[in-house]
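Residue numbers (this note's numbering), protein chains in the order written: chain U, 1 to 305; chain S, 306 to 610. We put the CB at the ideal spot given by N, CA and C, even for glycine. Computed from a predicted model, the values in this text were never measured in an experiment. See structure below.
Written out as structure tokens, the structure is:
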């Protein structure tokens, strides 16, 4: 199997852009026509509605973008039926040839971390058989618990030919409370990035990019630039572009001089660019996707100069 | 409704001990008699087996201990059916009068954190109706993303009269990689503890203990003692006692001088003190529970001297 970092680079090359479509489905934002078909009698109905919406989004974006990122919280919030919807959405995305990053920001220790990792990536072995669970191509992981919390995810990823993205610098306003604390002359997120780079060195693909990437928010282009320069081997997953305020110019700093190395996520900006009452919501999604692709293609080109 | 910190203190007082039974069900550790009833043809069968095991454990421990802590990873790893099992286990635990801490170590930002929080605690509103999802009494949260990642959990907890436990110092060998980094003269976990204490100050109950507690591993009693002295208003959830190597003497430092303020978790030590082939596994669980209760009651008493 082609290593994850090479699959990701190839997907970006094929589609010609680094846009990752974030699937953060929320009942209150869904098109009204769709909500009406799923009268809310139970969470199962909500789950069915968000599944239908996400499958439609996948159809609309699959030929245009390389990657999608389902946010597990919005499926989990619909209970077990929501988790079935998550499986259906990931299955369809992979059928459509998309790379799937499960954004679940998991983090725990020892056999618990193994359970999360195998659920997300390699699948679970019971009674001598292997069962896929969420079956994503990559998963996001929280580093607070340290090396032995991240390693089971890396091990599971390497068994499955998949990848891990570790939170380094997040895009929220309060991210700095702990991530910016300075010790030994460097901020915490810089120490985390250095550890991620070390873990990543064991899984480099043919372009010098590896299977343990970093989540770095679009909200500070100077931090993006500094981390990009320090760690040329890291794939960056960049949230915060679009609805969260990061611009294409902000994210340009995330690319390497060869124009690859970063995928840029937009969730609400691409999937909810309409009012629930708008009958032309599908057209709005296509237009928003095309607009983001245009901006990001330009940003990639600018990085290459 | 009685505030969470008071409910927790009352449960510890009623049962006379601070033992939290961790539910980390693993297929390969289950009693063979039980596994044979659930031939592994699918993950649904594995989920049914772990549900049956956990429900039996609840029956055995409910009259003896105040708190149980299902570990969401071991349910999630069985897919959607595993999440249904988690719901059934939490429902039964609450019927039995136990306090339930959902150990899912979630952490994300803004509306995503809200979704995780409402799923765990307050329930979800859709179409003007409220639906409970996991419906726990408290949930564990990862602080790496900062204040705006933790606040939605606190808000959801306060709407529901429930609680939050924030990871401060974890019990794994590699915990220090980031948690021990020193800035402004204090380790990162000490800065986190100070932030938790500040959040907790807004939800104090009648004994001066609040609704935002701290997870502090049993593996270093000097750290426990230092955090206990610094933050008398924090409930501590202490993992690492038993199978992970922490002794009752180690955890004694977690209690306040009034003998309350900490619940001590044991997972494998209490729930898997048997070989899968042992037909007397239920007796073994009761004995291990009684033994741990004896040790911890002594530790609580020692703290009071």
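Assigned with DSSP and collapsed to three states, residue 289/U falls in helix.
Using a CB distance below 7 Å, the part of the segment 123 to 138 of chain U facing chain S consists of 124, 126, 127, 129, 131 and 133, ordered along the chain. By the neighbour-count definition (other C-beta atoms within 10 Å, threshold 16), residue 76/U is a buried residue. Annotation note: the segment 342 to 369 of chain S contains the following uninterrupted alpha helix (DSSP H) runs of length 4 or greater, listed N- to C-terminal: 348 to 366.
Look at residue 376/S here: in three-state DSSP terms it is strand.
Cβ-Cβ distances below 7 Å link residue 7/U to 99 in the same chain, with the five nearest sequence neighbours on each side left out; the list follows chain order.
Contiguous alpha helix (DSSP H) elements confined to the segment 130 to 202 of chain U occur at 147 to 160, 176 to 179 and 188 to 200, taking only those with 4 or more residues. Excluding five sequence positions before and after residue 38/U, the CB atoms of its chain that fall closer than 8 Å to its own CB belong to 45, 46, 48, 49 and 52, given in chain order. A distance below 7 Å separates the beta carbons of residue 219/U and residue 171/U. Contact check for residue 212/U against residue 164/U passes: the beta carbons are separated by less than 7 Å.
The residues 523, 524 and 545, in chain order, have a CB closer than 6 Å to that of residue 551/S in the same chain once the five nearest residues on each side in sequence are set aside.
Straight through space, the alpha carbons of residue 54/U and residue 94/U are spaced by roughly 13 Å. Counting along the chain, residue 309/S sits inside the alpha helix (DSSP H) bounded by residues 309 to 320. Here DSSP, grouped into helix, strand and coil, assigns residue 270/U to helix. Boundaries around residue 92/U are those of the alpha helix (DSSP H), 79 to 95, since no beta strand (DSSP E) includes it. Cβ-Cβ distances below 6 Å link residue 338/S to nothing in the same chain once the five nearest sequence neighbours on each side are left out.
Ranked by Cα distance from residue 402/S, the options 595/S, 562/S and 370/S are led by 370/S.
Each residue's CA atom was taken as its position, placing residue 426/S and residue 450/S some 20 Å apart. For the segment 62 to 80 of chain U, the set of residues with a beta-carbon nearer than 7 Å to any beta-carbon of chain S comprises 71, 73, 74, 76, 77, 79 and 80, in chain order.
Residues 51 and 55 of the same chain have their beta carbon placed closer than 8 Å to that of residue 88/U, with the five preceding and five following residues left out of the count. Under DSSP, residue 417/S forms no beta bridge with any residue. Excluding five sequence positions before and after residue 345/S, the CB atoms of its chain that fall closer than 7 Å to its own CB belong to 351, given in chain order. The segment 247 to 261 of chain U and the segment 294 to 302 of chain U touch, with no fewer than 3 CB-CB distances between them shorter than 8 Å. In this structure, residue 216/U places its C-beta atom within 7 Å of the C-beta atom of residue 224/U.
The C-alpha of residue 140/U lies about 34 Å from the C-alpha of residue 277/U.
Within chain U, the C-beta atoms nearer than 8 Å to that of residue 496/S come from 178 and 181, in chain order. Secondary structure note for residue 221/U: its alpha helix (DSSP H) is the uninterrupted segment 221 to 230.
Just so you know, the alpha carbons of residue 236/U and residue 420/S end up roughly 25 Å apart.
Put simply, the backbone Cα of residue 263/U is about 53 Å away from that of residue 595/S. Counting only Cβ-Cβ distances below 9 Å, residue 40/U has contacts in chain S at 431, 432, 433, 434 and 436, in chain order. Residue 457/S and residue 84/U do not touch by the CB rule: their CB atoms are close to 25 Å apart, not below 8 Å. In its chain, beyond the 5 residues on either side, 6 have a beta carbon closer than 6 Å to the beta carbon of residue 206/U. Apart from sequence neighbours up to five positions away, the residues of its chain that approach residue 269/U with a beta-carbon distance below 8 Å are 241, 242, 243, 288 and 292, ordered along the chain. Under DSSP, residue 237/U shares a beta bridge with 215/U and 263/U. By the Cβ neighbour-count rule, residue 156/U is buried, with 16 or more other Cβ atoms within 10 Å of its own. Residue 26/U sits in coil when the DSSP states are folded into three classes, being neither helix nor strand.
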